[in-house]
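Sequences listed follow chains A, B, C, D, E and F, in order. So the first sequence is numbered by this note's numbering: it starts at 1 and just counts up by one. So the second sequence is numbered by this note's numbering: it starts at 1001 and just counts up by one. So the third sequence is numbered by this note's numbering: it starts at 2001 and just counts up by one. So the fourth sequence is numbered by this note's numbering: it starts at 3001 and just counts up by one. So the fifth sequence is numbered by this note's numbering: it starts at 4001 and just counts up by one. So the sixth sequence is numbered by this note's numbering: it starts at 5001 and just counts up by one. We treat Cβ as the ideally placed atom computed from N, Cα and C, and that holds for glycine. Here the structure is a predicted model, which means the values were calculated and not measured. These notes concern the structure reproduced below.
6 protein chains.
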Amino acid sequence: MYSVCVRDHFMIAHSFRGAVFGPAQRLHGATYVVDVEFRRPALDDDGIVVDIGRATDTLKGVLAGLNFQNLDEVPAFSGRNTTTEFLARVIFDRMCEAIGRGELGAGAGGIESARVTLHESHVAWAAYEGPVTR
Amino acid sequence: MYSVCVRDHFMIAHSFRGAVFGPAQRLHGATYVVDVEFRRPALDDDGIVVDIGRATDTLKGVLAGLNFQNLDEVPAFSGRNTTTEFLARVIFDRMCEAIGRGELGAGAGGIESARVTLHESHVAWAAYEGPVTR
Amino acid sequence: MYSVCVRDHFMIAHSFRGAVFGPAQRLHGATYVVDVEFRRPALDDDGIVVDIGRATDTLKGVLAGLNFQNLDEVPAFSGRNTTTEFLARVIFDRMCEAIGRGELGAGAGGIESARVTLHESHVAWAAYEGPVTR
Amino acid sequence: MYSVCVRDHFMIAHSFRGAVFGPAQRLHGATYVVDVEFRRPALDDDGIVVDIGRATDTLKGVLAGLNFQNLDEVPAFSGRNTTTEFLARVIFDRMCEAIGRGELGAGAGGIESARVTLHESHVAWAAYEGPVTR
Amino acid sequence: MYSVCVRDHFMIAHSFRGAVFGPAQRLHGATYVVDVEFRRPALDDDGIVVDIGRATDTLKGVLAGLNFQNLDEVPAFSGRNTTTEFLARVIFDRMCEAIGRGELGAGAGGIESARVTLHESHVAWAAYEGPVTR
Amino acid sequence: MYSVCVRDHFMIAHSFRGAVFGPAQRLHGATYVVDVEFRRPALDDDGIVVDIGRATDTLKGVLAGLNFQNLDEVPAFSGRNTTTEFLARVIFDRMCEAIGRGELGAGAGGIESARVTLHESHVAWAAYEGPVTR
Chain A
1 MYSVCVRDHF
11 MIAHSFRGAV
21 FGPAQRLHGA
31 TYVVDVEFRR
41 PALDDDGIVV
51 DIGRATDTLK
61 GVLAGLNFQN
71 LDEVPAFSGR
81 NTTTEFLARV
91 IFDRMCEAIG
101 RGELGAGAGG
111 IESARVTLHE
121 SHVAWAAYEG
131 PVTR
Chain B
1001 MYSVCVRDHF
1011 MIAHSFRGAV
1021 FGPAQRLHGA
1031 TYVVDVEFRR
1041 PALDDDGIVV
1051 DIGRATDTLK
1061 GVLAGLNFQN
1071 LDEVPAFSGR
1081 NTTTEFLARV
1091 IFDRMCEAIG
1101 RGELGAGAGG
1111 IESARVTLHE
1121 SHVAWAAYEG
1131 PVTR
Chain C
2001 MYSVCVRDHF
2011 MIAHSFRGAV
2021 FGPAQRLHGA
2031 TYVVDVEFRR
2041 PALDDDGIVV
2051 DIGRATDTLK
2061 GVLAGLNFQN
2071 LDEVPAFSGR
2081 NTTTEFLARV
2091 IFDRMCEAIG
2101 RGELGAGAGG
2111 IESARVTLHE
2121 SHVAWAAYEG
2131 PVTR
Chain D
3001 MYSVCVRDHF
3011 MIAHSFRGAV
3021 FGPAQRLHGA
3031 TYVVDVEFRR
3041 PALDDDGIVV
3051 DIGRATDTLK
3061 GVLAGLNFQN
3071 LDEVPAFSGR
3081 NTTTEFLARV
3091 IFDRMCEAIG
3101 RGELGAGAGG
3111 IESARVTLHE
3121 SHVAWAAYEG
3131 PVTR
Chain E
4001 MYSVCVRDHF
4011 MIAHSFRGAV
4021 FGPAQRLHGA
4031 TYVVDVEFRR
4041 PALDDDGIVV
4051 DIGRATDTLK
4061 GVLAGLNFQN
4071 LDEVPAFSGR
4081 NTTTEFLARV
4091 IFDRMCEAIG
4101 RGELGAGAGG
4111 IESARVTLHE
4121 SHVAWAAYEG
4131 PVTR
Chain F
5001 MYSVCVRDHF
5011 MIAHSFRGAV
5021 FGPAQRLHGA
5031 TYVVDVEFRR
5041 PALDDDGIVV
5051 DIGRATDTLK
5061 GVLAGLNFQN
5071 LDEVPAFSGR
5081 NTTTEFLARV
5091 IFDRMCEAIG
5101 RGELGAGAGG
5111 IESARVTLHE
5121 SHVAWAAYEG
5131 PVTR
C-alpha cells in the first residue's frame, strides 16, 4: 500500500458541553495542525498517489471553511461538541466530497482510503481514518 | 475508525544481556517519550474517543511505576531484557488493566484497540499495538 | 552561559482589531506551545540552572491564568491585541514575578535573563527575551 | 503486533516528466528523511523485533546506493518518475532483499511486514508498506 | 527583544567544488526548510513585530526565486559553493531587500535584526543572522 | 554571524545528590539528543563554517566517551551532579579540545563560539554556550 500525506493548519474558537470537559466548557480555542494521508494499492501512470499540489490546495480550501471561526456559531455543528476527533471526521468527509467532485484530478480515482490527523498540542492528537466514499 | 493519542515520558536505567546488544550490555539508561493511541469505531455521546484528561492522568500513573528506576532491579522484569519494544508491551498491558478498572471512565468501554509507541531517540522508536483486553 | 528550558501549552480564544489582521479580526483561537528558557553564567551548588520541577510547576501555574479563556474578556488585556508576541511578553513578566516571589527557590536568584517562545503552529512562532527583573 | 523503527536520510537530484508536476519538471532535488518500521507478532529470544544496530547499518547501506546522486542518470530508474512514493517502494524492496541475504541477522526471520516513510519536507511525506517478501 | 518567525521550504539541485565535500561534489540536491526570525525591541501600534501574513508571502516570493532549480546554472551563484550557510545569507540579503522595498509594510521599519535558518535534514542545519540593512 | 549545527545522541545512567532532585536521586537514566552549533563571522574559502562531515564525526567521538555508561562511576565526574546543563558544558569543553587538536580541520580555526544543547525529553532541554577556547 502506498501513501502520500500533506500538512496544513487552522485556528478556531469553540466551547464544549458536558461535565467531562471541565474547564474546556468555557469558550477557548485551538490551533489544529492537520495531516491528510491518501492511500492506494498502486501508483498511477505518473508514478504518484495523488497530485501533491492539488492535494495541498484542496486541503487549504477545506480548512478555509473552518479557519478563523467560532465553531459554536457554525450552523452545521449545532448541538455537537466540535472535539478534535469530531473535526477529524468533518475534514475527512469534506476531503472525500472534494475527491468526488474531481478536485484532486482524474488520477485520484485510485485512492482507496484516507486518514486525517489533527494535532492540538505537542502532547495530544486525534484522527479519523476510513475508506474514501464517493 | 477514530483515534485519540496522548504523550508523556519517563527516564530509567537498565542493561541488556546478549551479544547482540554490544555496548548496551553495560548499565546505561534512556528517556522514553511515550505515545498512547486509543481507537474505537464510533464516538461516545460526548463526541469523544476517551476523556483526554483522564487518559493523560492514567498514563502518568502507569509511567510513575517505571520512572526514575533501575529496571535491572525491578522484580517484575527479572530475567527479561527491558528493550524498548518490551516496555511498549508492558505499558500497553498496564493501560488495559487501568481501562478494566474503570480509570478512564465508563465511556472508555468503547475502546477496541490501542497502540503504545516509545521514542528512545530522534532516530529510533518501538511500538506495540493490539486489541484492548479487559 | 548556561540555559535550561521547559515546555507546556495553553489554549485560548481571542480576536484582533486592525485591518492588518484580515480574517483574524474574527473571534478565533489558538494553541500556544510555550518554551521558557532560563539563563545564568554559572551553575548553583547543586549543578543546576534552576530546579526543573519547580520551573515546570511555576510555568503551569502562570499558564493556568490564561488557559481555556476568551482573552477578549480578560480585563488586564482590555484595549490590547493579544498577539503571540504580546502574550510572550505577558508570560515573561509573570515568570519574573514568580521568580521575585521565590517560587523557583533561592537558587533561582542567579538567573540573569530568560526567553519565552510561543509556537502558534508548525510554521510560526514568536518570542520575548530580556533580563530577569525582580 | 510489535514494531521497531530506525531513521536516516539521503540527498538527491532529479526531475519529473508529466504536466502534473509543474515546475518540478525542472532539475531540482530533495532531502529525504527515511523511517523504516519493522513489524512482527512476537519478540525473539533476546526480546527484540530486530537488532537495531544492524537495522541502522543496513538502512545506511541501502541509502548509500542513492545518496548524492542525480537519479535521472541512474539506469535502474530509466523511464520512471522517481517520486517520493516510488522511492519509498524502492527502499522497501532493497530492505527486503537485505533481509533475505541475512544482513539483519537470523532473528530477523520473524519480521512479517515493514513500512518505509520518506519525509520530503515539513509539510509532505510518502510511504510504502507491505509484507516482507524473501 | 521581541521575535516573530515564519517557516517555508524549497527544493534544489546543486554540486560542490572542493575535496572537503567528498561525495557531495557530485550533482545531488536538498530540501531546505527555512525559518526567518524578525527581531525588534518594541511592538508597533498593532501589537506586532511584523504582519505575519506579509512575512509569509514575502518569504514565499524569495524562495520562489530558488525553488525547483539547479543552482549550478544560476548566474548569480557562478563560482560559489551554494552551501547551506551560503544560502542562508542569500535569503537573509533578499529578505532585507524586500523590507527595503516596503513589502512587509510600513510597520516593518522597526525591525532591527533577523536570523535565517535552513534545515537540510533532521541532523544538520545552518543559519545567518545580522542587523537588517536597508 | 554564520552558524552550522549537527545532531547526535547518547544514552547514560546516573543519579543525583541533593533534596532538590527528589526521585531523580535514585539511579535512573536518560537519552540526550545533542545539538552542537558552531559560529563564525565569515565563511572560509570553501564557503563553509565547518566541514559538516568532520563535525559529525568529532561529535560522535566525543559522545562515544559518554555513551552506554553509568556516569556515577566515571572518575572525571566524581562528586559532581551530572545534570543536563553540566553535561552540556562537558561536551562543549571536549569539542573545544578537539578543535584545538585540529580534528575539525585547518578551516575550523575561524570558529569563534559554539553552543551545545542537550534535549532530555520533549519538554526539557539545557545548553551551554561560549567562546571557543583553544
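query                                                                                                                                                                           : result
Return no unless some Cβ of chain A is closer than 9 Å to the Cβ of C/I2180.                                                                                                    : Because chain C in this structure spans residues 2001 to 2134, residue 2180 of chain C falls outside the shown range and cannot be described.
Quick one: what does DSSP say D/T3117 is sitting in, helix, strand or coil?                                                                                                     : strand
Taking C-beta to C-beta, are D/M3001 and B/G1107 nearer than 9 Å?                                                                                                               : no
Would B/R1115 and B/V1036 qualify as a contact pair, given that the criterion is a beta-carbon distance under 9 Å?                                                              : yes
Using Cβ-Cβ distances below 9 Å, what residues of the stretch 1031-1059 of chain B are close to chain F?                                                                        : T1031, Y1032, V1033
Which one or two residues does DSSP pair with D/V3006 in a beta bridge?                                                                                                         : B/A1124, D/V3036
Quick check: is the beta carbon of B/F1016 nearer than 9 Å to any beta carbon in chain D?                                                                                       : yes
According to DSSP, simplified to helix, strand and coil, what is D/G3102?                                                                                                       : coil
How many Å lie between D/G3022 and F/D5057 at the Cα?                                                                                                                           : 39 Å
Taking Cβ positions, are E/I4048 and C/T2083 nearer each other than 9 Å?                                                                                                        : yes
Pull up the DSSP beta-bridge partners for A/P131, would you.                                                                                                                    : A/S113
With distances taken between CB atoms, is the gap from F/F5068 to F/I5012 smaller than 9 Å?                                                                                     : yes
Could you tell me the boundaries of the alpha helix (DSSP H) in which F/I5052 lies?                                                                                             : 5052-5064
Between the Cα of E/F4077 and the Cα atoms of E/V4004, E/I4099, E/F4016, E/R4007, which residue gives the shortest distance?                                                    : E/F4016
For F/E5085, return the contacting residues in chain B, with the cut-off set at a CB-CB distance below 9 Å.                                                                     : The premise fails here: F/E5085 is roughly 16 Å from chain B at the closest Cβ pair, so nothing lies under 9 Å.
Counting only C-beta atoms, is F/Y4985 closer than 9 Å to chain E at any point?                                                                                                 : There is no way to answer for residue 4985 of chain F, as the model of chain F reaches only from 5001 to 5134.
Check the DSSP bridge columns for B/G1029 and list the partner residues they point to.                                                                                          : B/A1013
Is the Cβ-Cβ distance between F/V5034 and C/R2007 less than 9 Å?                                                                                                                : no
DSSP puts E/N4070 in a beta bridge; with which residues?                                                                                                                        : E/A4013
Can you tell me the Cα-Cα spacing of C/A2055 and D/L3027, whole angstroms?                                                                                                      : 50 Å
Secondary structure at D/T3084, three-state DSSP: helix, strand or coil?                                                                                                        : helix
Considering only the alpha carbon of each residue, which of D/Y3128, D/T3133, D/Y3032 lies closest to A/R39?                                                                    : D/Y3128
Which chain E residues are close to D/S3121, counting only those with a beta carbon under 7 Å from its beta carbon?                                                             : H4009, T4031, V4033
Is any beta-carbon of chain A found at less than 9 Å from that of B/V1062?                                                                                                      : no
Give me, in chain order, the residues of the same chain whose beta-carbon lies closer than 6 Å to that of E/H4119; leave out the 5 immediate sequence neighbours on both sides. : V4033, W4125
Tell me which residues share the same chain as A/D44 and place their Cβ nearer than 8 Å to its Cβ, disregarding the 5 neighbours each side in the sequence.                     : G107, G110
A/E129 touches chain B at which residues, Cβ-Cβ below 8 Å?                                                                                                                      : M1001, S1003
Quick one: residues in its chain with C-beta nearer than 8 Å to the C-beta of C/A2024, no 5 flanking neighbours on either side, listed in chain order?                          : S2015, F2016
Strictly below 7 Å CB to CB, what residues from chain D border A/V6?                                                                                                            : V3123, A3124
Please list the partners that A/N81 has in chain B, where partner means a Cβ-to-Cβ separation under 8 Å.                                                                        : D1046, G1047, I1048
Which of the three DSSP states, helix, strand or coil, is assigned to E/D4093?                                                                                                  : helix
So, is B/A1030 buried or exposed, given that buried needs 16 or more other C-beta atoms within 10 angstroms?                                                                    : buried
Alpha carbon to alpha carbon, what distance is there between E/F4092 and E/R4134?                                                                                               : 12 Å
Does any heavy atom of the ligand MG sit closer than 8 Å to the C-beta of C/F2016?                                                                                              : The model on display carries no ligand, and the ligand MG is accordingly not part of it.
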